[in-house]
Amino acid sequence: MNPSIGFIGLGNMGYPIAKNLIEQGFSVSLYNRTPEKLRDLVSLGGHAAKTPGAAVAAAAVVMTMLSDDAAVTAVVDQILPSLQPGTVFLSLSTIKAETAQTLAERCRTRGVHYVASPVMGRPPAAAARQLSILLSGDAEAKALVAPIAAAIGQRSFDFGAEPGTAHTVKVMLNFMVFAVVEMLSEVMLMAEKAGIDKAVLLDTMLNTIYGAPVFKNYGTLIVQEGDVPNGFTTALANKDLRLAQETAAALGAQLPLAELVRAHFEEMIAAGNGDKDVSGLITHLRG
Numbered sequence: 458m459n460p461s462i463g464f465i466g467l468g469n470m471g472y473p474i475a476k477n478l479i480e481q482g483f484s485v486s487l488y489n490r491t492p493e494k495l496r497d498l499v500s501l502g503g504h505a506a507k508t509p510g511a512a513v514a515a516a517a518v519v520m521t522m523l524s525d526d527a528a529v530t531a532v533v534d535q536i537l538p539s540l541q542p543g544t545v546f547l548s549l550s551t552i553k554a555e556t557a558q559t560l561a562e563r564c565r566t567r568g569v570h571y572v573a574s575p576v577m578g579r580p581p582a583a584a585a586r587q588l589s590i591l592l593s594g595d596a597e598a599k600a601l602v603a604p605i606a607a608a609i610g611q612r613s614f615d616f617g618a619e620p621g622t623a624h625t626v627k628v629m630l631n632f633m634v635f636a637v638v639e640m641l642s643e644v645m646l647m648a649e650k651a652g653i654d655k656a657v658l659l660d661t662m663l664n665t666i667y668g669a670p671v672f673k674n675y676g677t678l679i680v681q682e683g684d685v686p687n688g689f690t691t692a693l694a695n696k697d698l699r700l701a702q703e704t705a706a707a708l709g710a711q712l713p714l715a716e717l718v719r720a721h722f723e724e725m726i727a728a729g730n731g732d733k734d735v736s737g738l739i740t741h742l743r744g
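All residue numbers for the sequence shown refer to this note's numbering, where the first residue is 458 and numbers rise by one.
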């Protein structure tokens with residue numbers, strides 16, 4: 458029998474994930490700060506809750522998809538008194554390992570199991586159940602949420618028992634994504650100046666040296682250079698890059714390329730484009 462779920466955070470990623478869970482037959486109690494996003498999910502069989510605590514009170518698994526460390530911590534402050542011993546807290550957000558460790562310790566005092574589960578993939582991948590899920594935490598708790606992972610993603614990767622590890626992996630992988638965006642934006646601008654058809658160049662790249670989905674997905678967005686609804690906003694990407702830099706610094710490592718990419722993201726934010734998809738970097742660089 459599928460575990461009951463309390464789901465908090467119905468943004469660009471949370472909404473399609475929650476929708477898939479409902480459509481896969483899970484009982485899902487939903488909370489979002491803007492209740493308008495609940496209507497369609499309720500019509501599909503989801504249950505609207507008026508408060509975060511009400512959303513999780515009867516749930517075997519609590520899932521949060523929130524923007525940053527502060528948002529996750531604030532929600533935990535609200536829901537922790539309502540969680541029952543044995544509940545699994547499945548944290549999908551991109552946050553620092555230190556934050557995850559603190560939250561895991563707080564959960565432990567209530568008999569709640571914290572499982573890190575940040576995901577790789579853009580909103581279309583979430584909608585298509587093609588996410589890659591990075592897991593770390595208690596083994597029995599991870600086994601309990603296996604049906605949930607299978608309902609929202611194509612594959613899970615287990616990084617062991619430490620709750621912060623999967624979050625560290627996520628910020629490293631996101632840093633690599635943003636480095637790809639920087640590289641593709643620079644190359645496509647060079648092609649533009651040389652009179653090279655960018656679509657043909659992308660096709661060449663994807664069928665010679667770079668065939669990975671990240672190159673196809675972001676390469677296509679960069680070549681098309683249009684508005685991207687429900688995209689990966691530059692402001693959120695800048696936050697993730699900051700987490701990568703802070704994590705590297707704590708480990709005694711350096712990410713020189715991250716400094717360049719983040720400088721460009723911060724320029725975009727200063728120009729009022731923080732809500733634009735990161736693929737808009739090519740437009741910024743052209744200017």
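We put the beta carbon where it would ideally sit given N, CA and C, even for glycine.
C-beta atoms of residue i and residue j nearer than 8 Å
i: residue 609; j: residue 477; result: yes
i: residue 695; j: residue 723; result: yes
i: residue 522; j: residue 577; result: no
i: residue 540; j: residue 567; result: yes
i: residue 574; j: residue 547; result: yes
i: residue 642; j: residue 742; result: yes
i: residue 711; j: residue 720; result: no
i: residue 472; j: residue 507; result: no
i: residue 635; j: residue 735; result: yes
i: residue 656; j: residue 680; result: yes
i: residue 580; j: residue 489; result: no
i: residue 691; j: residue 730; result: yes
i: residue 646; j: residue 739; result: yes
i: residue 637; j: residue 672; result: yes
i: residue 532; j: residue 503; result: no
i: residue 526; j: residue 553; result: yes
i: residue 492; j: residue 465; result: no
Extent of the continuous alpha helix (DSSP H) run through residue i
i: residue 675; result: 670-681
i: residue 573; result: Unbroken run through residue 573 is the beta strand (DSSP E), 570-573; no alpha helix (DSSP H).
i: residue 722; result: 713-727
i: residue 533; result: 526-536
i: residue 735; result: Taken as a continuous stretch (DSSP letters only), residue 735 belongs to no alpha helix (DSSP H), as it is neither H nor E.
i: residue 642; result: 622-650
i: residue 513; result: 509-513
i: residue 493; result: Counting along the chain, residue 493 falls outside any alpha helix (DSSP H), and DSSP gives it neither H nor E.
i: residue 471; result: 471-480
i: residue 467; result: Segment: none, residue 467 is in no alpha helix (DSSP H) and carries neither H nor E.
i: residue 660; result: 655-663
i: residue 559; result: 554-565
i: residue 609; result: 603-609
Bridge partner(s) assigned by DSSP for residue i
i: residue 614; result: 591
i: residue 462; result: 485, 518
i: residue 545; result: 518, 570
i: residue 576; result: 590
i: residue 504; result: 486
i: residue 690; result: 734
Cutoff 6 Å; reference residue i; Cβ partners in own chain excluding five residues on either side
i: residue 561; result: 571, 620
i: residue 601; result: 545
i: residue 732; result: 690
Beta-carbon proximity list for residue i, same chain, < 7 Å, skipping 5 on both sides
i: residue 627; result: 551, 575, 591
i: residue 616; result: 591, 592, 593, 622, 623, 626
i: residue 715; result: 632, 698, 701, 702
i: residue 480; result: 501
i: residue 682; result: 739, 740
i: residue 459; result: 482, 483, 604
Integer Cβ distance of residue i from residue j, believed to fall under 8 Å
i: residue 498; j: residue 487; result: 6 Å
i: residue 632; j: residue 698; result: 6 Å
i: residue 516; j: residue 462; result: 6 Å
i: residue 556; j: residue 529; result: 7 Å
i: residue 583; j: residue 474; result: 5 Å
i: residue 662; j: residue 676; result: 7 Å
i: residue 630; j: residue 611; result: Between residue 611 and residue 630 the Cβ distance is about 15 Å, and since that is not below 8 Å, they are no contact.
Sequence-distant residues of its chain with Cβ nearer than 8 Å to residue i (five each side left out)
i: residue 537; result: 563, 564, 567, 569
i: residue 618; result: 593, 594, 595, 596
i: residue 542; result: 567, 568, 569
i: residue 586; result: 477, 608, 609, 610, 611
heavy atom of the ligand NAD below 7 Å from residue i C-beta
i: residue 709; result: This structure simply doesn't include the ligand NAD, nor any ligand for that matter.
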